[in-house]
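**Q** Following this note's numbering, the numbering of the sequence shown begins with 13 at its first residue and continues without gaps.
Below is a structure I'd like to ask you about.
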Amino acid sequence: MSPGHFEPRRILPIADRLHADPGYAGRGVTIAFLDSGFYAHPDLVTPQRRIVAYHDLFAPEADLSALERPDVSSWHGMMTSVVAAGNGALSDGRFRGLASEASVVLVKVGSAHRIVHDDIRRGIEWVIAHREKYGIRVLNISCGGDYEESYLTGSLSRAADDASRHGIVVVAAAGNAGHNVLPPASAPSVIAVGGLDDGGAGEQTWNYHSSYGLTVDGLQKPEIIAPAIWLAAPILPGTPTAAQAQLLSLLDGARDEELPGLLVEHAGVDPDLDAVAGREPYLVRQLAAAKLRDQKVISGHYKHVDGTSFAAPIVSSVAAQMIEANPRLTPQQCRRILMKTARGLPGIALERQGWGVVQPRAAVAAARAA
């Protein structure tokens, strides 16, 4: 198997790919997420609601009920939060995050079209102000600022470092540009997470085009890397994409004689599939297989995604496991342990991988012993 050539059914849960300790799930830990928007996905609210707070910078009066209405801005934050803390409710527990029992706080700092540098800072400041109320110990930032800045003078970098000083482990995506790590990932105390391509099964590894290099202050970033492609993430319920994925999944698992009835029953969901209703089963299967591949569908409820936006939540979930194992850990200790226990990879330049691939089991063991 090589990059870009794989079978979607081979995508494994992240716990299997990173050999995580199943005994830890972020219990008693709250992770805050800054993102463009969110949705109360079943993987976060069943069998019990683990979303303990929601804050919208642009509509401070909004409450948790706002998370029941899906819109285009809901996608990204829904996926990042579920990658870290989802319990796999819609996959019979298969695609659960490493912090599947953690509580989450969701902070909307933008929209699907734009997240502004200064609004990320405002989101961090809100998290700091409410850290004790909600027990926030980890902050995941899967978005980046608009420009480089020194941590000595830049307000976004200083806010990120301030969060660390207030006892919050700050994890940020390094970015996908291949160069120039921007704030807040460029701040000294922030754990910047680059990407790794492990083929979806953790058997082999390839480089990923994540950002890296020296910051304007001469700091080498990222600190560590994590899988950033072939990651299972939820499809936003109640959208045309969700309806299409569910139909494709049904067709994929149906017998030939069931295909005509399924296409009639779901007429109007996908015009391309409507056009082959009544045609030979092999034509229906060819079209369905092509759509499953092109739309990155794993099942009726999940697709595979890529980007350091999704590598960062993996590291955030490991941090939650570590704090569960040892609630006394400081952000500095978490950062040091994550780097010390990471596994360096041959064939990938050191400046691209930092200390290497995050190792959840080793990090938790070191946290427990600290």
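The beta-carbon is built from N, C-alpha and C at its ideal position, and this holds for glycine as well.
All values reported here derive from a predicted model rather than from experimental measurement.
Would L79 pass as a contact of A52 if the rule is Cβ separation under 7 angstroms?
**A** yes
**Q** Quick one: give me the first and last residue of the alpha helix (DSSP H) that D47 is part of.
**A** For D47, there is no enclosing alpha helix (DSSP H); the enclosing beta strand (DSSP E) has its first and last residue at 42–47.
**Q** Can the beta-carbon of A97 be found less than 7 angstroms from the beta-carbon of G109?
**A** yes
**Q** Taking all protein chains shown into account, decide if A71 is buried (16 or more other Cβ within 10 angstroms of its Cβ) or exposed.
**A** exposed
**Q** Fully enclosed by the segment 250–277, which beta strand (DSSP E) runs are 3 residues long or longer?
**A** none
**Q** Could you name the residues of the same chain whose beta carbon sits closer than 6 angstroms to that of A197, not counting the 5 residues immediately before and after it, in chain order?
**A** A184, A186, A204
**Q** Which residue's Cα is closest to the Cα of S93: A141, C155, H125?
**A** C155
**Q** Report the option in S201, A65, A175, G206 whose CA atom is closest to the CA atom of A189.
**A** Considering only alpha carbons, the answer is G206.
**Q** For S329, which option in N99, W218, V296 has the closest C-alpha, if you only look at C-alpha atoms?
**A** N99
**Q** Along the chain, where does the alpha helix (DSSP H) containing I247 start, and where does it finish?
**A** Note, I247: premise wrong, no alpha helix (DSSP H); not H, not E.
**Q** Give every residue of the same chain whose Cβ lies closer than 8 angstroms to the Cβ of D229, excluding the five residues on either side of it in the sequence, and list them in chain order.
**A** S162, Y163, L164, S198, P200
**Q** Determine the direct distance from the alpha carbon of V369 to that of G356, and round the result to whole angstroms.
**A** 6 angstroms
**Q** In terms of alpha-carbon separation, which member of P252, D264, L271 lies closest to A289?
**A** The shortest Cα separation from A289 among P252, D264, L271 belongs to L271.
**Q** Starting from the N-terminal side, write out each stretch of the beta strand (DSSP E) that is 3 residues or longer and does not extend beyond the segment 87–120.
**A** At a cut-off of 3 residues, the continuous stretches assigned as beta strand (DSSP E) that sit fully inside the segment 87–120 are 115–120.
**Q** Tell me where the alpha helix (DSSP H) around Y36 begins and ends.
**A** Neither: Y36 is in no alpha helix (DSSP H) and is coded neither H nor E.
**Q** Between the alpha carbons of A381 and E144, how many angstroms are there, rounded?
**A** 26 angstroms
**Q** Does the Cβ-Cβ distance between A245 and V317 come in under 7 angstroms?
**A** yes
**Q** Rounded to whole angstroms, what is the Cα-Cα separation between V193 and A266?
**A** 47 angstroms
**Q** Can you tell me where the alpha helix (DSSP H) with I335 in it begins and where it stops?
**A** 320–337
**Q** Quick check: what's the CA-CA separation for D104 versus D131?
**A** 37 angstroms
**Q** Determine contact between the segment 209–222 and the segment 357–365, defined as no fewer than three beta-carbon pairs at a distance below 8 angstroms.
**A** Taking one beta carbon from each stretch, the segment 209–222 and the segment 357–365 have 3 or more pairs nearer than 8 angstroms; the two touch.
**Q** Which residue comes first and which comes last in the beta strand (DSSP E) that contains L11?
**A** Any answer about residue 11 is impossible in this case: the structure gives the chain only from 13 up to 382.
**Q** Cβ atoms of T58 and A101: under 7 angstroms apart, would you say?
**A** yes
**Q** Identify the continuous alpha helix (DSSP H) that holds Y146 and give its terminal residues.
**A** 143–146 is the span of the alpha helix (DSSP H), which, as asked, contains Y146.
**Q** A171 and L151 look like a contact to me (Cβ under 8 angstroms); what is the Cβ gap, rounded to whole Å?
**A** Rounded, the Cβ-Cβ distance is 11 angstroms, inconsistent with contact.
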